[in-house]
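Protein chains in written order, with the UniProt record's numbering: chain D, 1 to 227; chain H, 1 to 546. Think of the CB as a built atom: it goes at the ideal place given N, C-alpha and C, for glycine as much as any other residue. This structure is a prediction, so every number in the text was calculated from the model and none was measured. As structure tokens, the structure follows; a few thoughts come after it.
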Ligand SMILES: Cc1cc2nc3c(=O)[nH]c(=O)nc-3n(C[C@H](O)[C@H](O)[C@H](O)COP(=O)(O)OP(=O)(O)OC[C@H]3O[C@@H](n4cnc5c(N)ncnc54)[C@H](O)[C@@H]3O)c2cc1C
Ligand code: SF4
Ligand code: SF4
């Protein structure tokens, strides 16, 4: 590993770390054995939300520690947990209207439209875009725009209106998936066929085949062409 | 161009041969050719990386050395650490592990009226399930059937899978998809509502269902939200199980958890225990980097084994052929198989194809290792081996914009390091990805220990010696639900009084002393240690000196 050491500051403490590391690796290199602020290590779970500044620059920056390389003079802190409320509701009791989402999260109407959330999203999601879509009653659009949300909460930590919008977006997606998306007739049909026992005999036969028979069948499989 | 100059030259070679390769389809290997390739190059066949178990139900069988070490480990708790009859919690069903299988089990047990506790290591959903990108299989199209799916699964597993488990997997599959959809999972669909499905390695029908390239995340965040909305489910985060509790008769009866925030033990009495702790990539078998989440340390296998449960297929791991080999910061992280499903070819240093891209994973991984060992691979500046995955080819085959549309998570991941997937090929090398085996189960998730059920990646038998992409997310939902239902039912039937204790641990310790002497390690591992110390892997993903 190349050892070009740079200065960084972890919660104010000075450390020298190789510049080839991610923020997460740098924390570990410095000696932190983490239980908070680390999850999948692949950019999917949102556990390692990190805030930093670079000395001499007033801008606040946001990143996922596992996906971002360290830079010289970084002043960093993790935000592994940010209080976010999730009101009690049961999806099964909802119909799928925007009004229902707003009844559950009425505070969304307080959005100032300041767009700070969008600037703080490490996934480059148009956060204000999905909040606005929801406020206009467009659940499908809100679900679509927010799809890549990893629920890290950074947008919540920065919101002057204190809005927990990533939870509202999750509700939109769940409503879209369960209520609004067009249903698949082939899926329903297959389930009915299975329940009626249509494939039982064939499966029973396969289960009782010896290896050689299976091998032959497998080798003779017809493979559906690509589109 | 974002590659350092020695690599840049090689990228050009890939670009130059693209047009010609578009016209070639690399032939699939025959059964015998596959076997020869596997025996020569697959890590499962590297005999010196395995050891024989001497203690426990699988004594005499082989497993990777790193796994043997933790299976034959000692518990962190002392036999006397259980104050008499004192439990912080009592419940019907205790689910250990809050990933996909755990949440599916908890929801289903709650539906059946059981009181449920989920104990999990980090946060709910910090799990391999969250990371799955590629998709989930189910035979729900007209040209497909559970029987065709069955044959693909068992052929993929080299005909070693347990037939009853495969039957359950393929039969419950369409219903599992519908269950997820009813909970709000958004699958990729055509305007008429039919599912958009694609091929995966080893499939004979296009039956891979996707949620863009966030399939696992979409499933996991939905399940997590559903768990949170149920009052009958208590979630204990940062509380991994470190030992099971058993009755004097050897039946499961609860667990001891370690609260990681307070470093304090918690005792839970439960009528049934469901282990859903997932895989073990973070044990870094043979020094491989891994695609797995931080807590994938095989704990469930350790807990179950000490309590007397038999394991199955623990001598085989899945090395995903396409882990990132460059940039160094994300070495080992996964490049989803969907990239090959969409048409990207694998290309060696000379710009030539060397394997049909959608052979089963073990075959593709072996072919990549062969290219590198025989000098047709590429070495990165950090000394990591790799071959090219020709992502720009997707744009040529499926039209400009396809890469950005179909692979947003990956585009984002590489863009952070200045690599444009739709314009430049990427470097890949096999990464430790999936634990093919685990605790032996039957079709209702029973183990050889009464009242102990196992589901998901912690179980063994469903996939035999090799799992196909998209069958694990499916396994997690199908068997998670089965375990939940069965766990609730068993809890209902367990009406007599019972006394959880640690007798199994006293017996285990005696065996360890007799067979292994002193110097065994403490397990479960809970979390890997990547701090800078001699012998540790720096950065977790790097090819440290292990
Ligand atoms: C990067 C990646 C991509 C993948 N892509 C696909 C794909 O496209 N399609 C597919 O089908 N499969 C895919 N897989 C495989 C699939 O995601 C996993 O096998 C599956 O999700 C495992 O689910 P699980 O619930 O069994 O385990 P997990 O989802 O890993 O959950 C296990 C949980 O148990 C917890 N735990 C561990 N130890 C303890 C303990 N001692 N006490 C309490 N809790 C504990 C963990 O923290 C975790 O939360 C992928 C895997 C990875 C890593
Ligand atoms: S929308 Fe908010 S919670 Fe979601 S990824 Fe962006 S910052 Fe994180
Ligand atoms: S930060 Fe808050 S107030 Fe500002 S636009 Fe976003 S949601 Fe609205």
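So, are the CB atoms of residue i and residue j less than 8 Å apart?
i: residue 90 of chain H; j: residue 520 of chain H; result: no
i: residue 206 of chain H; j: residue 149 of chain H; result: no
i: residue 66 of chain D; j: residue 24 of chain D; result: yes
i: residue 44 of chain H; j: residue 290 of chain H; result: no
i: residue 282 of chain H; j: residue 296 of chain H; result: yes
i: residue 206 of chain D; j: residue 159 of chain H; result: no
i: residue 415 of chain H; j: residue 92 of chain H; result: no
i: residue 3 of chain H; j: residue 14 of chain H; result: no
i: residue 240 of chain H; j: residue 299 of chain H; result: yes
i: residue 342 of chain H; j: residue 55 of chain H; result: no
i: residue 468 of chain H; j: residue 98 of chain H; result: no
i: residue 461 of chain H; j: residue 161 of chain H; result: yes
i: residue 310 of chain H; j: residue 524 of chain H; result: no
i: residue 339 of chain H; j: residue 384 of chain H; result: no
i: residue 438 of chain H; j: residue 458 of chain H; result: yes
i: residue 45 of chain D; j: residue 362 of chain H; result: no
i: residue 147 of chain H; j: residue 216 of chain D; result: no
Who are the neighbours of residue i on chain D, taking C-beta pairs under 8 Å?
i: residue 558 of chain H; result: In the structure as shown, chain H begins at 1 and stops at 546. Residue 558 of chain H is therefore absent and cannot be evaluated.
i: residue 468 of chain H; result: Per Cβ cutoff of 8 Å: no residues; residue 468 of chain H is ~13 Å from chain D at best.
i: residue 529 of chain H; result: 33
Identify the contact partners of residue i in chain D, using a Cβ-Cβ distance below 7 Å as the criterion.
i: residue 413 of chain H; result: 43, 67
i: residue 553 of chain H; result: Examination of residue 553 of chain H is not possible in this model, given that chain H is present from 1 through 546 alone.
i: residue 178 of chain H; result: 187, 191
i: residue 238 of chain H; result: 35
i: residue 379 of chain H; result: Neighbours of residue 379 of chain H on chain D: none; closest Cβ ~14 Å, over 7 Å.
Is residue i near ligand 1, judged by its Cβ being under 7 Å from some heavy atom?
i: residue 389 of chain H; result: no
i: residue 360 of chain H; result: no
i: residue 474 of chain H; result: yes
Would you verify that the beta carbon of residue i is, or is not, closer than 8 Å to some beta carbon of chain C?
i: residue 434 of chain H; result: In the displayed structure, chain C is absent; the protein chains listed are D and H.
Residues of chain H with CB under 8 Å from residue i, in chain order?
i: residue 186 of chain D; result: 140, 141, 142, 194, 195
i: residue 123 of chain D; result: 412
Which residues in chain H have a C-beta closer than 9 Å to the C-beta of residue i? List them in chain order.
i: residue 150 of chain D; result: 130, 214, 217, 221
i: residue 147 of chain D; result: 186, 211, 212, 214, 218, 408
Hey, would you say the C-beta of residue i is under 7 Å away from at least one heavy atom of ligand 3?
i: residue 136 of chain D; result: no
i: residue 113 of chain D; result: yes
i: residue 161 of chain D; result: yes
i: residue 128 of chain D; result: yes
i: residue 121 of chain D; result: no
i: residue 116 of chain D; result: yes
i: residue 164 of chain D; result: no
Could you tell me whether any non-hydrogen atom of ligand 2 is closer than 7 Å to the CB of residue i?
i: residue 151 of chain D; result: yes
i: residue 117 of chain H; result: no
i: residue 211 of chain H; result: no
i: residue 79 of chain D; result: no
i: residue 48 of chain D; result: no
Under 9 Å Cβ-Cβ, which residues of chain D neighbour residue i?
i: residue 168 of chain H; result: Going along chain D, no residue has its Cβ under 9 Å from residue 168 of chain H, so there is no contact; the nearest lies around 10 Å.
Give the interface partners of residue i over in chain H, defined as CB-CB distance under 7 Å, in chain order.
i: residue 72 of chain D; result: Within 7 Å Cβ-Cβ: nothing; residue 72 of chain D doesn't reach chain H, min ~16 Å.
Task: Contact list for the segment 195-220 of chain H against chain D, Cβ threshold 7 Å - done: 195, 199, 204, 205, 206, 212, 214, 217
Looking at chain H, which residues of the segment 191-207 of chain D have a Cβ within less than 7 Å of any of its Cβ atoms? Shown in chain order are the members of the segment 191-207 of chain D whose Cβ falls below 7 Å from a Cβ of chain H: 191, 194, 199, 202, 203, 206, 207.
- Message: Can you pull out the residues from the segment 27-38 of chain H whose beta carbon lies closer than 7 Å to at least one beta carbon of chain D?
- Response: Hits within the stretch, in order: 31.
- Query: Is the segment 273-281 of chain H close to the segment 398-409 of chain H, with three or more CB pairs under 8 Å?
  - Reply: Result no; under three Cβ-Cβ pairs closer than 8 Å.
What are the residues in the segment 309-336 of chain H lying within 8 Å of chain D by C-beta distance? 328, 329, 330, 333, 334
Evaluate contact between the segment 441-452 of chain H and the segment 64-78 of chain H, counting only Cβ atoms and requiring at least three cross-stretch pairs below 8 Å. no
Validate contact between the segment 466-481 of chain H and the segment 94-104 of chain H using beta carbons, cut 8 Å, 3 pairs: yes
message = What are the residues in the segment 83-111 of chain D lying within 8 Å of chain H by C-beta distance?
response = 86, 88, 89, 90, 91
Given 8 Å, three or more beta-carbon pairs between the segment 167-181 of chain H and the segment 130-148 of chain H: yes
Requested in this report: Kindly confirm or deny that the segment 208-226 of chain H and the segment 369-383 of chain H touch, where touching means at least three C-beta pairs closer than 8 Å.
Outcome: The segment 208-226 of chain H vs the segment 369-383 of chain H: no contact.
query: If contact means a Cβ-Cβ distance below 7 Å, which residues of the segment 360-375 of chain H contact chain D?
result: Result list empty, no residue passes.
Check your understanding: Is the segment 172-181 of chain D touching the segment 93-100 of chain D in the sense that three or more CB pairs, one from each, lie closer than 8 Å?
Key -> yes
Review point. Is the segment 242-252 of chain H in contact with the segment 226-233 of chain H, if contact means three or more CB pairs nearer than 8 Å?
Key: no
TODO: Give, in chain order, every residue of the segment 156-178 of chain D whose Cβ lies closer than 9 Å to some Cβ of chain H.
DONE: Residues passing the 9 Å Cβ filter: 167, 170, 171, 173, 174, 175, 176, 177, 178.
Exercise for the section: Evaluate the contact criterion for the segment 344-361 of chain H versus the segment 27-34 of chain H: three or more CB pairs, one atom per stretch, below 8 Å. Expected result: With the cut-off at 8 Å, the segment 344-361 of chain H and the segment 27-34 of chain H touch.
Validate contact between the segment 108-117 of chain H and the segment 478-489 of chain H using beta carbons, cut 8 Å, 3 pairs:
yes
Stretch pair the segment 99-113 of chain D + the segment 166-174 of chain D: three plus CB contacts closer than 8 Å
yes
*Please confirm if the segment 108-127 of chain D is in contact with the segment 153-165 of chain D, defined as three or more CB-CB distances below 8 Å between the two stretches.*
Inter-segment contact for the segment 108-127 of chain D and the segment 153-165 of chain D is present: three or more beta-carbon pairs are separated by less than 8 Å.
Cβ pair count under 8 Å reaching 3, the segment 388-401 of chain H against the segment 333-348 of chain H:
Pairwise C-beta distances place the segment 388-401 of chain H in contact with the segment 333-348 of chain H, as three or more of them are shorter than 8 Å.
If you pair each beta-carbon of the segment 70-87 of chain D with each one of the segment 48-55 of chain D, do three or more pairs fall below 8 Å?
-> yes
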